[in-house]
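Take 1 as the starting number for the sequence shown in the working numbering and just add one per residue.
Structure first, commentary second.
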Amino acid sequence: MNNLKKVGLTALGTALVAAGSAQAADWSVSGGTSINFNGNDNNLTGNGWTMTDSVTFSSSGELDNGMSVAFTLELDGNVMDTRTLAITTDGMGTITFSGDGSSGPIGSWDDMTPTANEEAHGSTLAGTMSAPVSAAGTNDIFVYDYTIMDGLALKASYTPSDKATEIESSQDYGLMYTGMEGLTVYAAAGENNGDAAKIDNSIFGVKYAMGAVTIGYQTNEVDSTGTNGDRDFTAAGISYAVSDDLSVSYNISEVDFEGGTNNQEATGVSFSYTSGGMTLSGSHHQVDNVGGTATSDNTGYELNLSFAF
């Protein structure tokens, strides 16, 4: 997104943290809006047209003690969303506290197969079992990012317990390797103790880009202490950059449910066209045996026109 406005506010920088004073804080404002149409075979009534809007305020500054601090606040349909405060120390990585809208490696990497717009299961609403993992909550969490060496990065998260929606605290840990040109390999493990049925998640995936083509494969495992709560997720995707502006992709995924006789199988095709600050994107998806139910199939589609300012 292009910045609407960028100004230096030295006087406000001292309010970022009490650990030290900021020499200067750079503030920026960016925004975006979109018009969207969504539909699916199992939801033929209602208005499929929607609109999104977003204004993001960002600031960053360096303190006398050498720390860097960055703050982000997004205003959208949820009034305040994606509120983060990130503190970076040279050689020790970045710790981010997120009031809303962030996640650890399990939630962030749930399906990273290459796509021009959506995952294989992305646009089929009406009861689709769309979650490839069961990640912990995304509000009031800590996320830690650290570069171990060139091409190898650690990502971890901690979700504190509130004894209500998060019954016990949860942790995630993940590693991502990008040390070979075009290759990305990632793995993560973590737990979700938000509900009475505790869940262990694991992820492994690989992507390789060669010229205009990117291919990817991912497998996830969800182990739950609840009855028939386990599921295994696999996905694959291929994307092709037709030009600098136009990309297309094809994705498939499958969910194997514990105790179920039918696997959920999804396919999706997507495209994305960008011209300056405008993006036109769309997807069409078919999901069979939604949630493992043989009589539940669904087709979904979406078309988006977005503008960044």
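Where a beta carbon is used, it is the ideal one built from N, C-alpha and C, also for glycine.
Residue range 49–63 is occupied by the beta strand (DSSP E) that includes residue 58. Put simply, the region 107–124 touches the region 276–284. At least three CB pairs are less than 8 Å apart. Per DSSP, reduced to three states, the secondary structure at residue 242 is coil, with no helix or strand assignment. Here residue 167 carries a coil assignment [DSSP, helix/strand/coil]. DSSP links residue 189 through a beta bridge to 173 and 202. For residue 107, the enclosing alpha helix (DSSP H) covers residues 105–108.
Within the DSSP secondary-structure output, residue 308 pairs in a beta bridge with 32. For residue 281, the enclosing beta strand (DSSP E) begins and ends at 278–288. Note: residue 219 is bridge-paired with 204 and 234 in the DSSP secondary-structure output. Relative to the Cα of residue 245, the nearest Cα in the group 275, 71 and 37 belongs to 275. The beta-carbon separation of residue 160 and residue 140, rounded to 7 Å, stays under the 8 Å limit for a contact. By the neighbour-count criterion, in which 16 or more other beta carbons inside 10 Å mark a residue as buried, residue 91 falls on the exposed side. The shortest C-alpha to C-alpha distance from residue 49 to any of 98, 309 and 302 is the one to 302.
Nearest in C-alpha terms to residue 299, of all of 97, 287 and 308, is 287.
If you compare the alpha carbons of 115, 81, 142 and 114 with that of residue 103, the shortest gap goes to 142.
The distance from the Cβ of residue 207 to that of residue 114 is about 6 Å, consistent with a contact at the 8 Å cut-off. Taking each of 175, 196 and 174 in turn and checking the Cα distance to residue 167, the smallest one comes out for 196.
By the Cβ-count criterion, residue 220 is buried, with 16 or more other Cβ atoms from all chains shown falling within 10 Å of its own Cβ.
Sorting 39, 247, 227 and 271 by C-alpha distance to the C-alpha of residue 259 places 227 at the top. Residue burial is scored here from C-beta neighbours: residue 156 has at least 16 other C-beta atoms within 10 angstroms and is therefore classed as buried.
Nearest neighbour of residue 64 by Cα position, chosen from 89, 41 and 55, turns out to be 89. Rounded to the nearest whole angstrom, the CA to CA distance from residue 86 to residue 270 is 34 Å.
Between residue 94 and the set 69, 82, 230 and 255, the nearest pair of CA atoms involves 69. Assigned with DSSP and collapsed to three states, residue 292 falls in helix.
Per DSSP, the beta-bridge partners of residue 153 are 147 and 176. Minimum Cα-Cα distance from residue 53 among the listed residues 74, 47, 37 and 40 corresponds to 74. In this structure, the CA atom of residue 40 is about 25 Å from the CA atom of residue 261. With respect to residue 194, residue 170 sits close: the two C-beta atoms are nearer than 8 Å.
Short of 6 Å from the beta carbon of residue 256, and not among the five residues preceding or following it, lie these beta carbons of its own chain, in chain order: 232 and 263.
Comparing C-alpha distances from residue 240 to each of 151, 251 and 177 shows the shortest one belongs to 251.
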